[in-house]
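Student:
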Amino acid sequence: MFWDTPSIPALYGSIIPFLVLDVVVIILRFVARRRLGQKPQVDDWLMIPAFIGVIALAGMYFWGLASKSLGYRYMLLPPPGVDMMSPDFVPEFAGPESRIVATRRLEYSSLIIYTAVAGLIKISVLIFYRRIFTVTQSRKDWRNWFFIAMIVVITAWALSWIFAFVFMCRRNVQTLFTSPENLAANCVDTLAVGYGHSVSDFITDALIIVIPIPFVWKLHLPTGRKLAVCGVFLLGSLAAGSSLVRMAWMTWNQEVGFGMETDEELMITTELYWMMLAIILGVLAACLPTLRGLFRTKSVESMAKSMRTVFSLGSTSWSGSRKGTRGDSMDESLRSKESTTGKVNSQHTVVEV
1 MFWDTPSIPA LYGSIIPFLV LDVVVIILRF VARRRLGQKP QVDDWLMIPA
51 FIGVIALAGM YFWGLASKSL GYRYMLLPPP GVDMMSPDFV PEFAGPESRI
101 VATRRLEYSS LIIYTAVAGL IKISVLIFYR RIFTVTQSRK DWRNWFFIAM
151 IVVITAWALS WIFAFVFMCR RNVQTLFTSP ENLAANCVDT LAVGYGHSVS
201 DFITDALIIV IPIPFVWKLH LPTGRKLAVC GVFLLGSLAA GSSLVRMAWM
251 TWNQEVGFGM ETDEELMITT ELYWMMLAII LGVLAACLPT LRGLFRTKSV
301 ESMAKSMRTV FSLGSTSWSG SRKGTRGDSM DESLRSKEST TGKVNSQHTV
351 VEV
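Residue numbers (the UniProt record's numbering): 1 to 353.
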């Protein structure tokens, strides 16, 4: 079943290749900017601390596997026929208590770092959307206010969950690393907190993925072209898929909890595994749409300029002038995408993307 802990080789083999891809796409993102003769923007720079956080998460995870704080059974299975639920049953453990304490510390630290990194990635994507879909970054453009509001919401989401994790046991953080009985007596329901975090993480991912669709669908393009453009932005579903699996696993985890029949170390290993995949794929999905400039096809910047021209046409009333009337210029603006210069009429204000 998907909630079973993968083997140690499978854990390494499924994380390391995607981690290498993250390194590649981060580098190519800045190479694409340079090739297009553009300076890196805020959304580009935000991916640097996000990737540093990903490296920190991966480093802690691999350290946990190497030290057997993750990936191995902590409570030994009893001989066949022994009732683990019997009050006379005395569990035996594979190592000292410090080992499971290290496991709990890894979980706690990873949740905080993951939330901060996920917030940076989501904000980076929203800033990217804002640059593409806003005609002018002024108070009169409702799209500008919409994306600013979304950035504020995601910032509040990240900060509130970090705050929730830090104060799950009020100001006594060390209680988190003690026995389950002490944890239950002095802290909030940590499984419920983790479940709520996974649900909100998936919802925000899904919301960010679908945001571009209404904007793209308003363009005067053939349906096939609209679907192709939407496909570029739907690359984020890679990360949302992992977030969905993590949410499903956390739902199951909340039902079964930690007990005699479940091993705490293996459950935390699986939880952090799906969290690692979600954040690594998040970096990948956030960077892929920006790499079109490396190929001979039209870059996402060129596409963005054309989109913004169309949106400005939809929000500005045009009439005949000494330079001639435009009439319905939607098709003209779309045809401008085919030009090698990527320039638009000087009557439109297009900032650098």
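Idealized CB from N, CA, C, for every residue including glycine.
Here the structure is a predicted model, which means the values were calculated and not measured.
Name the two residues that bound the continuous alpha helix (DSSP H) containing His220.
Tutor: No alpha helix (DSSP H) contains His220, which DSSP labels as neither H nor E.
Student: Around the C-beta of Ile163, are 16 or more other C-beta atoms found within 10 angstroms, so that it is buried, or is it exposed?
Tutor: The sequence given here places Phe at residue 163; Ile does not occur at that position. It is exposed - the Cβ of Phe163 has fewer than 16 other Cβ atoms within 10 Å.
Student: Answer yes or no: do Ile26 and Met47 have a C-beta to C-beta separation smaller than 8 Å?
Tutor: yes
Student: Can the beta-carbon of Arg34 be found closer than 8 Å to that of Asp44?
Tutor: no
Student: Can you look up Val188 in the DSSP assignment and give me helix, strand or coil?
Tutor: coil
Student: Hey, how far is the Cα of Ala240 from the Cα of Gly282?
Tutor: 8 Å
Student: Going straight from the alpha carbon of Pro212 to that of Phe233, what length do you get?
Tutor: 7 Å
Student: Do Val24 and Ile280 have their CB atoms nearer than 8 Å?
Tutor: no
Student: Thinking just about the alpha-carbon of each residue, which of Val166, Ser198, Tyr195 is nearest to the one in Cys187?
Tutor: Checked all of Val166, Ser198, Tyr195; the closest Cα to Cys187 is Val166.
Student: Thinking Leu106 and Leu70 are a contact (beta carbons under 8 Å), I'd like their distance in whole angstroms, please.
Tutor: 7 Å
Student: Span of the alpha helix (DSSP H) holding Cys169?
Tutor: Counting along the chain, Cys169 falls outside any alpha helix (DSSP H), and DSSP gives it neither H nor E.
Student: From residue 365 to Ala32, what distance separates their C-alpha atoms?
Tutor: This structure cannot settle anything about residue 365, because the visible part of the chain is limited to 1 through 353.
Student: Can you give me the Cβ contacts of Pro6 inside the same chain, cut-off strictly under 6 Å, excluding the 5 residues immediately before and after it?
Tutor: none
Student: Could you check what DSSP says for Gly282 in three-state terms: helix, strand or coil?
Tutor: helix
Student: On the CB-based measure, 16 or more other CB atoms within 10 Å of its CB, does Ser242 come out buried or exposed?
Tutor: Classification for Ser242: buried.
Student: State the Cα-Cα distance for the pair residue 362 and Ile132, rounded to the nearest angstrom.
Tutor: The structure shown does not extend to residue 362, since the chain is modelled only from 1 to 353, so the question has no answer here.
Student: Does the beta-carbon distance from Ile154 to Ile127 come in below 8 Å?
Tutor: no
Student: Going straight from the alpha carbon of Val210 to that of Tyr108, what length do you get?
Tutor: 31 Å
Student: Within 10 Å of its beta-carbon, does Pro289 have 16 or more other beta-carbons around it, so buried, or fewer, so exposed?
Tutor: buried
Student: Helix, strand or coil for Pro6, going by three-state DSSP, please let me know.
Tutor: coil
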